[in-house]
Amino acid sequence: MALHGISRIILGVPNVETTGEYYEAFGLAPLGEHRFGTVEGGHQLTLVETPKRQLKEICIGADAAEDLLAIGERLVRLDAPLRLESDALHTAEPVSGTAISVRIAPRIEQRAAAAPRLNLPGRYARPNERIDAFYRTGPVKPRKLGHVVLGSSNAKVTRAFFIDGLGFKASDTVNGVGTFMRCSTEHHNVFLLESNVDFMHHTGWQVEDVDEVGRGATHMIKRNGETHVWGLGRHYIGSNFFWYLQDPAGNFVEYYADMDHIEEHFGWVEGIQKTGLGWGLKPPHTFTNPMDLAGFEG
Ligand SMILES: [Fe+2]
584 MALHGISRII LGVPNVETTG EYYEAFGLAP LGEHRFGTVE GGHQLTLVET PKRQLKEICI
644 GADAAEDLLA IGERLVRLDA PLRLESDALH TAEPVSGTAI SVRIAPRIEQ RAAAAPRLNL
704 PGRYARPNER IDAFYRTGPV KPRKLGHVVL GSSNAKVTRA FFIDGLGFKA SDTVNGVGTF
764 MRCSTEHHNV FLLESNVDFM HHTGWQVEDV DEVGRGATHM IKRNGETHVW GLGRHYIGSN
824 FFWYLQDPAG NFVEYYADMD HIEEHFGWVE GIQKTGLGWG LKPPHTFTNP MDLAGFEG
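Throughout the sequence shown, residue numbering follows our numbering, covering 584 to 881 in sequence.
Here you go:
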């Protein structure tokens, strides 16, 4: 696959300082000038000041110059704006106008996590020991930014832009709700929501395992109880454990772990799904109807 994941986003917020402190507490490394990094993805978030929260740009990683040329040819056929440089392509998602750049970048190398040692009935991987999660005393640090969720008022056009233009693949679709799309081996890198407002719903940050999901969210909720939104739960689509929080600008932000991994040669077939929830409580009304988006109907 020519593309290999989301490299970075630029997020506009009205309160850059407060939002920056939030993402630092969330576990991102401050890199100066309102830029933040993950353990394995490096610089993955830049905050800029805007009157209202707004996703300004998504930067996607590609392998080589020929990938940019191929994407450029497809975007021309879609009448999308296009500016080509030697190592990057700049365009815009046609419905929201969000800037999209595709840049030649090294793939994110992930250190293999230690195999979980779980005691299961009749299968005891951890005799005479407590779970190692109790010995993790440092702050939770996301491995990488995995996905971005976008609401589009013309999801058909946005879907065509990502799939027919950029070369994303559809992993699963929920009729009347949206499409999960990937540009890497993860189940989704962009989830496109059918909406009546163009907006960014949430970002998803990969952590080691479900213990890190719990540790991270607990830390953030102890810091400020109002940040809690929805979790712990497990999505049916993508299989990931999740816990959603809300940043001071109103964007939802997710710790996730154990997402489906799709290798091309296994031939994942796009499914039409009926539900997005494996287990967990129903999401709160504000999750599907963000309060700052007047008239939004999720
Ligand atoms: Fe998510």
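By construction, the Cβ of each residue, glycine as well, lies at the ideal position given by its N, Cα and C atoms.
Of the residues the options, the one placed nearest residue i, counting alpha carbons only
i    : options                : result
I589 : F609, A716, V731, H844 : V731
L749 : A840, R706, L651, V631 : L651
M803 : V599, E607, G620       : E607
Y839 : L828, G833, E846, I845 : L828
G624 : L638, K635, I643       : I643
S736 : N772, V780, P710, A753 : V780
Q693 : M874, T786, H587, I683 : H587
K639 : A647, K752, S679       : S679
L628 : L860, G861, L611       : L611
G620 : T810, F825, Q789, S754 : Q789
A647 : G850, L876, R806, P689 : P689
A653 : F609, D747, A682       : D747
L776 : R591, G859, I683       : G859
F774 : G797, T741, G808       : T741
P885 : T762, A800, R591, L733 : Any answer about residue 885 is impossible in this case: the structure gives the chain only from 584 up to 881.
H785 : W826, A585, G705       : W826
A698 : P704, G705, D841       : D841
F824 : A800, N807, V685, P634 : A800
G797 : K857, R706, F609       : F609
H626 : G705, T633, I691, P634 : I691
7 Å Cβ shell around residue i - same chain, five flanking residues per side excluded
i    : result
D843 : H770, G821, S822
N702 : A708, R709
L630 : L594, V596, V599, T602, G603, H617
F879 : For F879, the predicted model reports a pLDDT of 48, less than 50, meaning its position is unreliable and no value from the coordinates is stated.
A738 : G761, L775, E777
D875 : G833
F782 : G734, L876
H811 : I804, L828
Interface flag, residue i vs chain C, CB-CB below 8 Å
i    : result
D843 : No chain C is present in this structure, which holds just one protein chain.
Which residues DSSP lists as bridging residue i, in chain order
i    : result
W851 : Note: W851 sits in no beta bridge, so no partner.
V731 : V773, T786
E837 : G787, Y827
R817 : F824, W862
H868 : Answer is none; H868 lacks a bridge partner.
Contacting residues, own chain, Cβ-Cβ under 6 Å from residue i (five flanking each side not counted)
i    : result
D830 : T602, Y605, V836
Q637 : G595
A696 : E791
I687 : A645, D670
E853 : A753
V622 : K724, R726
R700 : A708, R709
A682 : E640, A675
W851 : I845
E632 : V599
Neighbourhood of residue i by C-beta distance below 8 Å, restricted to the same chain and skipping five residues each side
i    : result
E846 : T768
G861 : G816, R817, H818, Y819, S822
F751 : L586, F745, M764, R765, C766, N772, V773
W813 : F825, W826, Y827, G863, L864, P866, P867, F870
Contact test: residue i Cβ vs ligand 2 heavy atom, cutoff 7 Å
i    : result
V760 : Among the ligands modelled here, namely ligand 1, ligand 2 does not occur.
The segment 808 to 827 touching the segment 792 to 800, judged by at least three CB pairs closer than 8 Å
yes
With three or more C-beta pairs closer than 8 Å as the rule, is the segment 661 to 675 touching the segment 719 to 735?
no
Please go through the segment 585 to 665 and give each complete beta strand (DSSP E) segment of 3 or more residues, from N-terminal end onward.
586 to 596, 612 to 615, 618 to 621, 625 to 632, 637 to 645
Taking contact to mean at least 3 C-beta pairs separated by less than 8 Å, is the segment 654 to 662 in contact with the segment 605 to 617?
no
When the Cβ atoms of the segment 706 to 723 are set against those of the segment 750 to 760, are three or more pairs found closer than 8 Å?
no
What residue ranges within the segment 752 to 813 form continuous beta strand (DSSP E) runs of no fewer than 3 residues, ordered along the chain?
Those beta strand (DSSP E) runs which fall completely within the segment 752 to 813 and span 3+ residues are 752 to 757, 761 to 765, 773 to 777, 782 to 789.
Cβ contact check for the segment 704 to 719 and the segment 672 to 691: 3 or more pairs under 8 Å
no
Should the segment 765 to 772 be called in touch with the segment 857 to 867, which here means at least 3 C-beta pairs below 8 Å?
no
Taking the runs of the beta strand (DSSP E) that are 3 residues or longer, which of them lie wholly in the segment 668 to 716?
671 to 675, 682 to 687
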